[in-house]
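One structure below.
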């Protein structure tokens, strides 16, 4: 169950951060960290103290519900970690008193799992010793093993706590960040959920796994006892994909997209979906959000709303403005023209290219539009058909 993630050679030391250092951190919390390093050097306690200032400056909103004295590491673990918002949402899917996190990392997901009101005990594995030290400091009431997750250690912990299968949930966040920017299957993660799922489901009632937005949803067909796939959208981005498995082997699997900012969600069934496409635009362009696009539920939602799917990517069109939803943006069509023949000049506009041979930067240089948000130019091509559509964003 190995999970390899690179971390900086020098890491934060929680034992050198006493009350004096925390007051120093508070005093310098708005200072330039590069200048602080030049002035105070890279030895502790200053290395660890400056790392705390930097983490709070860069990631304040990402970790805003953690305590004031949470100690952050430096390096990749900070960048790759879940936010507290997504971690708490994942925790809401866990309903057993005992949980095991197979690859804890910075520990934000472990924090959310262990802080649940019905949590009796929590075990986590983190093979990076420096991160494990921080986990023990930040979460003193949980069990942290600084080694790769292993079935023997898991079975000992289960036995020590007399845990029955119905009382336990496994959580894992397979490492896949060293991959290039492409879609990949769940079997490519470390640990490999496909390989270990049967052993996990022998011991627990549920397995919850977090995956990158780049995961291939078709690979969910290899999961045993799949209850649901949940696509998490937060702050306008597709952040994570969750898979929820049960040892009770449900007959049907669902897929859901949830927007954490608004609390909206939309559900459907996993599987191939089809819809008739059109070459003609009507009065509005409807563009699915990143989360809705990932879930493939835009086809089902379009059918409900009476939208027509265009031949251009995931763009839809309709005659009447649809109701508000965080799962799509609505653009009023102002003009449709051949490339670079637009008559209207809004001066500033966003630019998106779908199938178009030139990049947004190249298009912007030619049409001489500044960066903007209120208007948007869609540069489109499919086959020999090329056009530009000038639109206005409807809030």
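In the working numbering, the protein residues as written are 8 to 402.
C-beta atoms are modelled at their ideal positions from N, C-alpha and C, and glycine is treated no differently.
None of these values were measured; they are calculated from a predicted model.
Supposed contact pair residue j and residue i - C-beta distance, whole angstroms, cut 8 Å
i, j, result
"residue 66", "residue 85", "7 Å"
"residue 205", "residue 250", "No, residue 205 and residue 250 are not in contact; Cβ-Cβ is about 15 Å, not under 8 Å."
"residue 2", "residue 158", "Outside the modelled stretch of the chain, which goes from 8 to 402, sits residue 2, for which no answer is possible."
"residue 127", "residue 155", "In fact, because the Cβ distance is near 25 Å, the residues do not count as touching under 8 Å."
"residue 60", "residue 32", "6 Å"
"residue 254", "residue 232", "6 Å"
"residue 361", "residue 323", "About 13 Å; that fails the 8 Å criterion."
"residue 222", "residue 193", "6 Å"
"residue 98", "residue 123", "6 Å"
"residue 256", "residue 210", "Rounded, the Cβ-Cβ distance is 15 Å, inconsistent with contact."
"residue 93", "residue 241", "6 Å"
"residue 248", "residue 220", "6 Å"
Top-ranked residue by Cα proximity to residue i, from the options
i, options, result
"residue 130", "190, 167, 233, 80", "167"
"residue 398", "291, 177, 95, 295", "291"
"residue 344", "332, 393, 313", "393"
"residue 179", "153, 170, 213", "213"
"residue 51", "340, 24, 199", "24"
"residue 101", "121, 112, 89, 87", "121"
"residue 404", "19, 75, 70", "Outside the shown range of the chain (8 to 402) lies residue 404, about which nothing can therefore be said."
"residue 353", "366, 340, 382, 242", "382"
"residue 111", "119, 94, 132, 98", "132"
"residue 197", "134, 374, 89, 243", "134"
"residue 339", "289, 244, 80", "289"
"residue 283", "310, 295, 257", "310"
"residue 402", "317, 314, 351, 328", "328"
"residue 363", "377, 386, 349", "386"
"residue 203", "191, 230, 220", "230"
"residue 389", "89, 355, 285", "285"
"residue 405", "304, 247, 258", "This structure leaves residue 405 out entirely; the chain is present only between 8 and 402."
"residue 81", "89, 58, 118", "58"
"residue 173", "106, 315, 34, 365", "106"
"residue 266", "46, 317, 140, 239", "239"
Separation of residue j from residue i, as counted between CA atoms
i, j, result
"residue 11", "residue 182", "Confidence at residue 11 is low in this model, with a pLDDT of 48, below 50, so its placement is unreliable and no value can be given for it."
"residue 115", "residue 371", "41 Å"
"residue 379", "residue 369", "16 Å"
"residue 330", "residue 293", "11 Å"
"residue 55", "residue 195", "34 Å"
"residue 53", "residue 20", "10 Å"
"residue 321", "residue 164", "48 Å"
"residue 91", "residue 346", "45 Å"
"residue 312", "residue 113", "42 Å"
"residue 400", "residue 83", "36 Å"
"residue 227", "residue 268", "26 Å"
"residue 396", "residue 358", "10 Å"
"residue 5", "residue 384", "Here the chain has residues from 8 to 402 only, and residue 5 is not among them."
"residue 246", "residue 308", "21 Å"
"residue 117", "residue 96", "12 Å"
"residue 6", "residue 70", "Given a span of 8 to 402 for the chain in the structure shown, any question on residue 6 remains unanswerable."
"residue 287", "residue 317", "7 Å"
"residue 326", "residue 315", "10 Å"
"residue 377", "residue 89", "35 Å"
Reduced DSSP secondary structure (H/G/I, E/B, other) of residue i
i, result
"residue 395", "strand"
"residue 289", "coil"
"residue 370", "helix"
"residue 332", "coil"
"residue 303", "coil"
"residue 196", "coil"
"residue 227", "helix"
"residue 96", "helix"
"residue 106", "strand"
"residue 161", "helix"
"residue 346", "coil"
"residue 275", "strand"
"residue 128", "strand"
"residue 26", "helix"
"residue 385", "strand"
"residue 380", "coil"
"residue 62", "helix"
"residue 204", "helix"
Taking contact to mean at least 3 C-beta pairs separated by less than 8 Å, is the stretch 271-279 in contact with the stretch 252-262?
The stretch 271-279 is in contact with the stretch 252-262.
Is it true that the stretch 324-338 meets the stretch 295-302, where meeting means three or more beta-carbon pairs spaced less than 8 Å apart?
yes
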